[in-house]
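**Q**
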Amino acid sequence: MVLTAYHSKGGKVILKGPGKFIKHFSLSTFNVRPGLSPSRNGIWRLYIRNTSLPTHNRCIPCTDYIYCTTLPSIAYSFHLLGSKYYSEKYAGETSGSHCQQESIITPQDADCEGSVSTVPLAGNKKELLEGNSPLKKLQEDVFQVQSQVSGQIGYSKKETYFFDQNSSSKNHKEFYKQSDTESNTQASECQKENNMEETIIEKEAWELLKSAVVYYCGNPIGTIAANDPSDMSPLNYDQVFIRDFIPSAIAFLLKGEPEIVRHFILHTLQLQSWEKTVDSYSPGQGLMPASFKVGLVPRDGDETVLEETLDPDFGEAAIGRVAPVDSGLWWIILLRAYGKYSGDYSLQQRVDVQTGMKMILRLCLADGFDMFPTLLVTDGSCMIDRRMGIHGHPLEIQALFYSALRCAQEMLMPEDGSSNLIRAMINRLIALSFHIREYYWLDMKKLNEIYRYKTEEYSYDAVNKFNIYPDQISPWLVEWMPDRGGYLIGNLQPAHMDFRFFSLGNLWSIVCSLATPEQSNSILDLLEAKWVDLVGNMPLKICYPALEGEEWRIITGSDPKNTAWSYHNGGSWPTLLWQLTVACIKMKRPQIAQRAIEVAEKRISKDRWPEYYDLKTGKFIGKQAHLYQTWSIAGYLVAKQLLRKPEAAHMLTCEEDTSLLEAKSLMEASTPRRRRSQKRFRKPFLV
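Here the numbering used here is used: the first residue of the sequence shown is 256, the next is one more, and so on.
#1: Three Cβ pairs or more, each shorter than 8 Å: is that satisfied between the region 723-732 and the region 767-782?
#2: Once the 5 residues before and after residue 727 are set aside, which same chain residues still bring their CB inside 7 Å of it?
#3: If distances are taken between C-alpha atoms only, which option among 806, 913, 792, 624 comes closest to residue 769?
#4: Can you give me the Cβ contacts of residue 501 inside the same chain, cut-off strictly under 7 Å, excluding the 5 residues immediately before and after it?
#5: Grouping DSSP H, G and I as helix and E and B as strand, with all else coil, what is residue 875?
#6: Out of 868, 801, 516, 666, which has the shortest C-alpha to C-alpha gap to residue 613?
#7: Between which residues of its own chain and residue 555 is the CB-CB distance below 6 Å, once the five residues before and five after are set aside?
#8: When the Cα atoms are used, what is the spatial distance from residue 828 to residue 884?
#9: Can you check which of these residues, 877, 917, 477, 546, is closest to residue 226 by C-alpha distance?
#10: Please report the residue range of the alpha helix (DSSP H) in which residue 510 lies.
#11: So, at 7 Å on beta carbons, what are the nonlocal neighbours of residue 565 in its own chain, with the 5 sequence-adjacent residues on each side left out?
#12: Between the alpha carbons of residue 845 and residue 714, how many angstroms are there, rounded?
#13: With H, G and I counted as helix, E and B as strand and the rest as coil, what does DSSP make of residue 767?
#14: Check whether the Cβ atoms of residue 823 and residue 643 lie closer than 8 Å to each other.
#15: Grab the span of the beta strand (DSSP E) containing residue 561 for me, first residue to last.
#16: Would you mind working out which of 748, 624, 766, 809 sits nearest residue 661, comparing C-alpha positions?
#17: Let me know the secondary structure DSSP gives residue 683 once reduced to three states.
#18: Is residue 830 closer than 8 Å to residue 763 when the C-beta atoms are compared?
#19: Classify residue 725 as helix, strand or coil using the three-state DSSP reduction.
#20: Could you tell me if residue 943 is buried or exposed, where buried requires 16 or more neighbouring beta carbons within 10 angstroms of its beta carbon?
#21: Please state the DSSP three-state secondary structure of residue 846.
#22: Go through the region 782-855 residue by residue and report every complete run of the alpha helix (DSSP H) that reaches 4 residues or more, in order.
#23: Can you give me the start and stop residues for the beta strand (DSSP E) that residue 751 sits inside?
#24: Ordered along the chain, which non-local residues of its own chain (more than five positions away) have a Cβ less than 6 Å from that of residue 896?
#25: Which residue or residues does DSSP assign as beta-bridge partners of residue 536?
#26: Cβ atoms of residue 795 and residue 832: under 8 Å apart, would you say?
#27: How is the alpha helix (DSSP H) around residue 601 delimited, first residue to last?
#28: Please say whether residue 839 and residue 658 have beta carbons closer to each other than 8 Å?
#29: What would DSSP say about residue 743, mapped onto helix, strand or coil?
#30: Should residue 595 be labelled buried (16 or more other beta-carbon atoms within 10 Å of its own) or exposed?
#31: State yes or no: is the C-beta of residue 867 within less than 8 Å of the C-beta of residue 855?
#32: Just to check, is the beta-carbon of residue 627 closer than 7 Å to a non-hydrogen atom of the ligand COA?
#33: Using a 10 Å radius around the Cβ and a threshold of 16 neighbouring Cβ atoms, would you call residue 963 buried or exposed?
#34: Pick out whichever of 460, 453, 454 has its Cα sitting closest to the Cα of residue 888.
#35: Can you check whether the CB of residue 791 is closer than 8 Å to the CB of residue 654?
#36: Residue 545 and residue 570 look like a contact to me (Cβ under 8 Å); what is the Cβ gap, rounded to whole Å?
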């Protein structure tokens, strides 16, 4: 048997094996979650190669393990020993059911370089609590490390594992919020229900996710879209898609494995500068690829040797040649999440990363003919990457655009060349938030206003600014809209309102605070009120309702993949679980996400993790759905992890920015709407 201790800074030492010997390790050995110790004298995490402990007849039976694969060098067969020290249990006489002899590893016993000093032994557990015993010192180090970390996230966390006399495992976790006293009772109850070991479904999901990892030059750089061994024609599902990798990246961050995320960010950044051409036309500089794959090419000068290369797709090979507008926006959002959760802000500060971020922002903020602050895009430029009538100003793109601007606002370095860009971002944020909140919002009150709209208004003070005809209100909407609740519509253009409910756009508007707090709660109210329609047998509808009949033929071009209640046309997508969970945690209503996860767990593993589900209630696996879809797997894992660690959702969320509201008021006061002066044009134009 080989027993190995791994240090929080990456060092390791063989504690028992050839040439090494130690008496034994009992259940009062401490451990700290990976990444919590920033110092050289960190806490050691103990791993053992099999499930049996070196015990003698007086050791506590180890019947319960905390399954852990937090380090890349650790195989699945390793197990992490939990913190089994419980001070009150040893306050009196030592019980006969507990081990009378301890072998304790302290931070001083083994350093980062792997040297080991003599391991102290204590004859009785009562001695461990007295004076400067190794265990007492180790206990103090543990809570000091935990306090340092909790200070960054606003929580103080105390975790205790112990065994009772029946050898049953108990887990106590207490969360004390230091600053925010408005704790939600339902949120804490939901958290307690999820503070348990990984389920069988989660373990299966982790194995599948790790098997989908793609390596380049020996480093992990992403996950393929689907990994179905029985699929002989995966099309482009064997590539790494930027939007598909986002839930995988968040899952790895929450698992304590940020290396793959760092490599992904840097390698996709390199692809940004590649030459992009579609029929002799080059799209804007700064465009991120939709996907990429690792290929092999002969080395220059020696065709017998093959080298790995990255082959990106900027849309020139995609079905329909759709533009990956959301790729760059997701890249910025992930960059911020990586820094906030890992604490590695050096990546954001690199010159090449700052340059790449500026290129994306300049591409999005470029002047055009549009009259609105929303981003104008073609059909199929986001998660819905086929013709579905979302060209113009789709909500999903606007929510990601706003989120990316908020994230970039935090990360951009204050340099001379960035001042104009930062000013343009702030102005766009002000205008965009007002536009979406004012004109995209729909509830029963607003619906009644549209029903009474006057049309053909030519006036600066027109109520019906977009000349929306009341006859556009579909009968389904009048019956479907609940009295309590509302949502952001899917699209808005002159004389056109897309009244469909798009899940991702609404959920991400909550996450990034594009929607007001009142609107955010109303969106979740609507989700609960229309649970059967939006969740049904499998969460979550990508949009509601589906296009049918003549409307389907005109808008989709009779797309056989997007028939009614299938794929993007009203299909149910399990990957949306993670966005739902982040939104629910932000609004302190995690019980909604928990309920949706329970629905998914009933069948998603048995159905082999499909890409999407069909029918109005999501009862059938999608007729063309790929199995073992990576972002279905990762979306489920992120949802489960976030319910256990709700404080981690802060890496994705943005709070309401009151400074934007104040700036908007100042701008309106200094620029009256009706002021139309000719003073600027005193000089005549020469033709």
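Note that CB positions come from ideal geometry on N, CA and C, so glycine has one too.
**A** In short, the structure shows the following:
#1: no
#2: 752
#3: 913
#4: 585, 589
#5: strand
#6: 666
#7: none
#8: 11 Å
#9: This structure leaves residue 226 out entirely; the chain is present only between 256 and 942.
#10: 497-510
#11: 471, 522, 526, 547, 549
#12: 46 Å
#13: coil
#14: yes
#15: 557-568
#16: 766
#17: helix
#18: no
#19: helix
#20: Outside the shown range of the chain, which is 256 to 942, sits residue 943, and nothing can be said about it.
#21: helix
#22: 786-789, 804-811, 832-841
#23: 751-753
#24: 509
#25: 533
#26: yes
#27: 601-604
#28: no
#29: strand
#30: buried
#31: no
#32: With respect to the ligand COA, the structure offers nothing, as it holds no ligand at all.
#33: What the structure shows of the chain is the stretch from 256 to 942, and residue 963 is not part of that stretch, so it cannot be assessed.
#34: 460
#35: no
#36: 6 Å
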